[in-house]
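Comments concern the structure below.
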Amino acid sequence: MFVGTVALFAAVPPSSILRAVGFAAPTLDRFDDSAARLVDQGREYVDEARRRIAGVVRIDGKAPRIFRGPPDQSVPAPRSGPARIIEVDTLDFEGPRIVRATPDRSVPAQWSGPARVIDGDTLEVEGTRIRLHGIDAPESAQNCRAGGRQWSCGVEAARALGERIGGTPVTCDERDRDRYDRVVAVCRHLGRDVNAWLVREGWALAYRRYSLEYVDDEAAARSARRGIWRGEFVRPWDWRQGIRLATADRQPAIRDRQPATTASDARGRCDIKGNVSHNSGRRIYHMPADRDYARTQIDPSRGERWFCSESEARAAGWRRARR
């Protein structure tokens, strides 16, 4: 619009227009001088504007089109790292104005290098805190129990992780961000999944709330009584809610034990279902004739089990379903 106005004034002197509608000659001469100066200034302004936006926007009478100009050697080359989408607001004559940058979630970010162990499920790589995806390890201050004695399972989990990776590099592929905006990733050491190793060795649990990826590794650790599975412990997510071993003794549903050695652990001919309530944590057993028997599923990872007799179920702390 402005360029077109300058071109019109340059081609048709304003005095010609004003003389046609009856303005006096002296007034018109002064107006011509002022208009000429305005046109000159306008041309300079337009030329400067065109120079500033050269290489960014080409104006050709159509909608603006982005094209590539020569590289600006004054701008340092970008460093490698997570891709970003740059949203550019309106163009003015001071150049593009960057409004904000947001992560491009379609391109997984990756970190690689020596790792520092923060706790049993957290590393620091290249200055970035990384929470290991799909697993939950005992907290640093958490204790477990084995052979009637408590031991620092949280500290031991972190130590085991440190011994596993040593000072050699790990590679972590981002899967998500948690509510604290920490990177959640699967990390590999010498090509092997570190997350899976921690669960398989009994130093972490499969975090089913977010992933079922490591459930089989947890079952293997439980069966072999590795790590925290050699005794009793409070699940890390319960521990963060204030549950401790002393409390768990009064509420057995929130405590995990090592696998029992009796025949009741496998179904066989033992058809009494020992269920743990999702809502109250109460342990209830169901007989084959009970109404809810068919729809009750047994999940050993939650401490549920099969019993061969009612007396065995009651002795283990379960009570009969009321219906």
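Under this note's numbering, the first residue of the sequence shown carries the number 1122, and numbering increases by one thereafter. We treat Cβ as the ideally placed atom computed from N, Cα and C, and that holds for glycine. Values in this document were obtained by computation on a predicted structure and should not be read as measured data.
message: Taking its Cβ as the centre, do 16 or more other Cβ atoms sit within 10 Å of E1431, making it buried, or is it exposed?
response: So E1431 counts as exposed.
message: Once the 5 residues before and after A1341 are set aside, which same chain residues still bring their CB inside 6 Å of it?
response: R1321
message: Comparing C-alpha positions only, which one of D1294, H1399, W1358 sits nearest to D1420?
response: H1399
message: Give me, in chain order, the residues of the same chain whose beta-carbon lies closer than 8 Å to that of W1360; leave out the 5 immediate sequence neighbours on both sides.
response: P1259, E1260, Q1263
message: My output table needs one value for E1431: the three-state DSSP class, helix, strand or coil.
response: Note: E1431 maps to helix in three-state DSSP.
L1319: first and last residue of the uninterrupted alpha helix (DSSP H) it sits in: 1315-1321
query: Can you tell me whether Y1301 is buried or exposed, with buried defined as 16 or more other CB within 10 angstroms of its CB?
result: exposed
field: Classification of D1299 by the beta-carbon crowding that lies within 10 angstroms, buried from 16 upward
entry: Around the Cβ of D1299, a 10 Å sphere holds fewer than 16 other Cβ atoms; the residue is exposed.
task: Ignoring anything shorter than 3 residues or poking outside the segment 1229-1259, list the beta strand (DSSP E) runs there in chain order.
output: 1231-1240, 1243-1246, 1249-1253
field: Whole-angstrom C-beta distance between H1254 and R1296, which should lie under 8 Å
entry: About 5 Å separates the CB atoms of R1296 and H1254; that is less than 8 Å, so the two are in contact.
field: CB-CB length for R1237 against E1245, believed under 8 Å
entry: 4 Å
- request: Measure the Cβ-Cβ separation of Y1335 and D1257 and say whether it is below 8 Å.
  value: no
field: With 16 other Cβ atoms within 10 Å as the buried cut-off, status of E1339
entry: buried
query: If you follow the beta strand (DSSP E) that C1293 is part of, which residue opens it and which one closes it?
result: 1290-1298
task: Would you give the residue range spanned by the alpha helix (DSSP H) that R1280 belongs to?
output: Per DSSP, the unbroken alpha helix (DSSP H) holding R1280 starts and ends at 1274-1286.
- prompt: Hey, would you say R1351 sits closer than 8 Å to A1436, going by beta carbons?
  reply: no
field: For R1343, the first and last residue of its enclosing alpha helix (DSSP H)
entry: It spans 1336-1345 - the alpha helix (DSSP H) in which R1343 sits, taken as one unbroken run.
query: Rounded to the nearest angstrom, how far is the Cβ of V1397 from that of R1423, given a contact under 8 Å?
result: 5 Å
message: Could you compute how far the alpha carbon of T1289 sits from the alpha carbon of A1279?
response: 16 Å
- prompt: DSSP three-state call for Y1166: helix, strand or coil?
  reply: In the structure shown, Y1166 adopts helical secondary structure according to DSSP, grouped into three states.
task: List the endpoints of the continuous beta strand (DSSP E) containing Y1406.
output: 1404-1407
Buried versus exposed call for D1242 [16 or more other C-beta atoms within 10 Å across all chains shown]: It counts as buried.
message: Here's the rule: buried if 16 or more other CB atoms are within 10 angstroms of the residue's CB, otherwise exposed. What is G1287?
response: exposed
- prompt: Going along the chain, which residues of its own chain have a beta-carbon closer than 7 Å to the beta-carbon of R1309, five neighbours each way excluded?
  reply: V1291, T1292, V1315
- request: State the beta-bridge partners of N1400 as determined by DSSP.
  value: The partner list for N1400 (beta bridge, DSSP) is empty, contrary to what the question assumes.
query: The alpha helix (DSSP H) spanning W1360 covers which residue range?
result: Where W1360 is concerned, the enclosing alpha helix (DSSP H) stretches over 1357-1360.
field: beta strand (DSSP E) segment containing A1306, residue limits
entry: Annotation for A1306: the continuous beta strand (DSSP E) segment containing it runs 1304-1310.
Sequence-distant residues of the same chain with beta carbon closer than 8 Å to A1306, five excluded per side: W1232, I1251, R1252, L1253, H1254, C1293, D1294, E1295, R1296
query: Which stretch, first to last residue, makes up the beta strand (DSSP E) that contains C1265?
result: 1265-1267
query: Roughly how many angstroms separate the alpha carbons of G1248 and S1273, rounded to a whole number?
result: 27 Å
task: Going by DSSP, name the residue or residues bridged to R1426.
output: R1426 pairs with G1395.
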